[in-house]
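Input: a single structure, listed below in structure tokens.
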Amino acid sequence: MQEAAGERDASAPGPEGAPPAGASAVAELELKPALEAVLMVVDEPATAEHLARVLERRPREVSDALRELADEYTVQGRGFELRLVAGGWRFSTREEYADAVERFVLDGQQARLTQAALETLAVVAYRQPVSRSRVSAVRGVNCDGVMRTLLQRGLVEEAGTEPETGAILYRTTHYFLERMGLRGLDELPELAPFLPEAEAVEGETQEGMPSFEVDDPSPDSQTEH
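Heads up: the sequence shown begins at 5 in our numbering, then just goes up one per residue.
Listed below in structure tokens is the structure:
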């Protein structure tokens, strides 16, 4: 009976969320190389808790190993770094080598967001959740085309509807945080006070408001693409 009880204890979860003892060969792998292998194939930041479940380790052990790896890459001056962004960990190009990667990836293609898209994205980031009409009111130009572009690129997403009007509301995504290198929206620069309140300009007609659009197809056009 004592031996049977011992066998049951071996399969029970350990302290601090540890996986069952001796469950698979994954738990026997060296932790840091295993983390590197998994992080090489993730398509979005992976949390320490998720990695701990996959590798059958304690979350604290995985968190410590991730931070040690990040420090090691920095000390070694590697061209990549391990960063904590959008609540999870993933590899990214070290900033000083971004131009080399950009040239390789773009190969003559236009990848940067237009000034119009950046301005629209900024309004969404600081006013979210916000409707297209309110974004257009703040910017003084129709933003439908730009909003479609931001949706297609995965930088913004729908966030329900406005109770008063039924208009679709939009917010930034985890991908936005990842691309901006932010852990959360609380790390956004203090720029919100410089954005006009949408309510203060909504009453104006778009024709009567100045447009600062730099890539309008023509002086008479108020619609962005």
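Glycine is no exception: its CB is placed at the ideal position from the N, C-alpha and C atoms. Treat the numbers as computed from the prediction; the structure is a model and nothing was measured.
- Here A50 carries a strand assignment [DSSP, helix/strand/coil].
- Using a Cβ-Cβ distance cut-off of 8 Å, the stretch 55 to 63 and the stretch 31 to 44 are in contact, since at least three pairs of beta carbons, one from each stretch, lie closer than that value.
- Here the stretch 155 to 172 does not lie against the stretch 58 to 76, with fewer than 3 beta-carbon pairs under 8 Å apart.
- DSSP, reduced to helix, strand and coil, places E182 within a helical segment of the structure shown.
- Taken in chain order, the complete beta strand (DSSP E) segments of 3 or more residues contained in the stretch 38 to 107 are 84 to 89, 92 to 97.
- A contact between stretches requires three or more CB pairs, one per stretch, nearer than 8 Å, and the stretch 81 to 100 fails this requirement with the stretch 128 to 143.
- For L173, the enclosing beta strand (DSSP E) covers residues 172 to 176.
- P49 and R187 have their alpha carbons spaced roughly 11 Å apart.
- Leaving aside the five residues that flank L35 on each side, the residues in its chain whose CB is nearer than 8 Å to its CB run, in chain order, L59, R61, E65, V66, A69.
- For S135, the secondary structure class from DSSP, reduced to helix, strand or coil, is strand.
- Contact between the stretch 138 to 158 and the stretch 117 to 129 is present, with at least three C-beta pairs closer than 8 Å.
- Y179 is a Cβ neighbour of G158, given a cutoff of 8 Å.
- When the five nearest sequence neighbours on each side are left out, the beta carbons in the same chain lying within less than 6 Å of the beta carbon of A38 are those of L59, in order along the chain.
- Note on V160: 16 or more other CB atoms within 10 angstroms of its CB, so buried under the neighbour-count rule.
- When only Cα atoms are considered, M184 and V105 end up about 17 Å apart.
- Looking at G164, A120, A163, T165, the one whose alpha-carbon comes closest to that of D148 is A120.
- By the Cβ neighbour-count rule, G164 is exposed, with fewer than 16 other Cβ atoms within 10 Å of its own.
- Leaving aside the five residues that flank R143 on each side, the residues in its chain whose CB is nearer than 7 Å to its CB run, in chain order, E123, T124, V127.
- Rounded to whole angstroms, the separation of the alpha carbons of R87 and T97 is 10 Å.
- Taking all protein chains in view, the Cβ of E194 is surrounded by fewer than 16 other Cβ atoms within 10 Å, so the residue is classified as exposed.
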